[in-house]
Amino acid sequence: MHVAVRWFKNTGMENLVLPAPAPVLLPVSGSDGLFPVRRIFCVGRNYAEHAREMGLDPEKKKPFFFNKPVDTAIPSGRTIPFPVATENLHHEAELVVAIGTGGMDIAPEDTATHIWGYAAGNDLTRRDLQAQAKEDRRPWCMAKGFDNSAVIGPLKPATECGDMTRGAIRCHVGDDVRQDGDLSEMIWPTANIISFLSGLVTLQPGDLIMTGTPAGVGQLHAGETCTISIDGLDSATVTLA
Ligand code: MN
Numbered sequence: 269m270h271v272a273v274r275w276f277k278n279t280g281m282e283n284l285v286l287p288a289p290a291p292v293l294l295p296v297s298g299s300d301g302l303f304p305v306r307r308i309f310c311v312g313r314n315y316a317e318h319a320r321e322m323g324l325d326p327e328k329k330k331p332f333f334f335n336k337p338v339d340t341a342i343p344s345g346r347t348i349p350f351p352v353a354t355e356n357l358h359h360e361a362e363l364v365v366a367i368g369t370g371g372m373d374i375a376p377e378d379t380a381t382h383i384w385g386y387a388a389g390n391d392l393t394r395r396d397l398q399a400q401a402k403e404d405r406r407p408w409c410m411a412k413g414f415d416n417s418a419v420i421g422p423l424k425p426a427t428e429c430g431d432m433t434r435g436a437i438r439c440h441v442g443d444d445v446r447q448d449g450d451l452s453e454m455i456w457p458t459a460n461i462i463s464f465l466s467g468l469v470t471l472q473p474g475d476l477i478m479t480g481t482p483a484g485v486g487q488l489h490a491g492e493t494c495t496i497s498i499d500g501l502d503s504a505t506v507t508l509a
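What follows is the structure, given as structure tokens:
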């Protein structure tokens with residue numbers, strides 16, 4: 269208890285009982301700027317064709333969310349060890365929305381002022397663990413929140429982005445096009461996602477929201493390079509050792 273009290277009373281670092289974790293910082297497109305990541309929220313089943321390929325009916329239920337730990341985020345261009353504990357690693361091409369101004373109960377028409385920017389992202393998924401979790405009615409944490417599982421391309425300020433409610437979103441593995449969708453196919457557009465999420469938690473500056481993936485998710489193998497590209501944004505690439 270003594271240590272805990274001192275923790276709150278002191279603003280200096282001298283009383284930490286372990287080194288404080290380094291902040292997770294992601295590159296900003298076209299500058300030396302760094303975006304400090306606070307939390308990572310992800311939307312499930314936000315494109316009808318992907319819901320169908322997962323064996324589900326894309327009826328208009330409310331959006332649902334899961335999290336990845338903040339330190340699963342890695343910038344584009346990394347070579348990562350092939351993830352452990354899976355024989356079916358999948359790519360998921362996603363638009364990432366970066367929150368610059370927090371808030372709660374944000375109306376859809378007011379969400380634009382809360383968005384700092386956008387990025388291309390890859391919601392890497394241990395699909396075999398996810399399938400088992402679904403069967404057992406257990407959480408997805410270990411299917412979604414493993415080391416290096418959130419590949420995030422350079423973040424681009426919203427002021428430099430065009431209309432991000434439409435535009436091609438693609439996944440390439442080597443020269444193969446694996447996913448080829450359009451942002452306009454989202455069941456829940458970005459404004460609605462932010463509005464709904466801000467009714468569940470208080471959004472904070474630095475939060476990232478991965479907005480779901482179009483159809484065509486598939487397996488990645490050791491040695492492959494996977495690139496997510498979205499019109500108007502820098503791509504997000506990862507290579508599996
Ligand atoms: Mn996803």
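Residue numbers (the working numbering): 269 to 509. Built from N, CA and C at the ideal position, the CB exists for glycine as well. Owing to the predicted nature of the structure, the values given are computational and were not obtained by experimental measurement.
- By the neighbour-count criterion, in which 16 or more other beta carbons inside 10 Å mark a residue as buried, M281 falls on the exposed side.
- A353 sits exposed, since fewer than 16 C-beta atoms from the chains shown fall within 10 Å of its C-beta.
- A483 and E355 do not touch by the CB rule: their CB atoms are close to 22 angstroms apart, not below 8 angstroms.
- The segment 377-391 makes contact with the segment 452-464; the number of CB pairs closer than 8 angstroms reaches 3 or more.
- With contact defined as three or more Cβ pairs closer than 8 angstroms, the segment 492-501 and the segment 320-340 are not in contact.
- Taking every protein chain shown into account, the CB of K336 has 16 or more other CB atoms within 10 angstroms, so this residue is buried.
- Scanning its chain for C-beta atoms nearer than 6 angstroms, with the 5 sequence neighbours on each side dropped, one finds around P291 the residues P304, in chain order.
- Look at G370: its beta carbon is at least 7 angstroms from all of the heavy atoms in the ligand MN.
- For L465, the uninterrupted alpha helix (DSSP H) segment begins and ends at 458-465.
- Per the coordinates, the alpha-carbon of G368 lies some 10 angstroms from the alpha-carbon of P425.
- Distances from the alpha-carbon of D431 to those of D450, H440, R446, D444 put D450 closest.
- With a cutoff of 7 angstroms, T481 counts as near the ligand MN, since its C-beta is closer than that to a heavy atom of the ligand.
- The criterion of a C-beta distance shorter than 8 angstroms is satisfied by T379 and S463.
- Assignment of S497 by DSSP, reduced to helix, strand and coil, places it in the strand class.
- In this structure, DSSP gives P376 a helical state, which the three-state scheme calls helix.
- Here M454 has N314, Y315, T479, G480 as same chain residues with Cβ atoms under 7 angstroms from its own Cβ, once five neighbours each way along the sequence are excluded.
- DSSP places E360 outside both helix and strand once states are collapsed to three, so it counts as coil.
- Counting along the chain, Q472 sits inside no beta strand (DSSP E), nor does DSSP assign it H or E at all.
- Secondary-structure assignment with DSSP links C409 through no beta bridge to anything.
- With a cutoff of 7 angstroms, D396 does not count as near the ligand MN, since its C-beta is closer than that to no heavy atom of the ligand.
- For T507, the CB contacts under 6 angstroms within the same chain, skipping 5 residues up- and downstream, are T347, T493 in chain order.
- Your pair A387 and I420 checks out as a contact, with CB atoms roughly 5 angstroms apart and the cut at 8 angstroms.
- Spatial neighbours of G389 in its own chain (CB-CB distance under 7 angstroms, excluding positions within 5 residues in sequence) are listed in chain order as E362, V364, A418, V419, I420, G421, M478, I496, A504.
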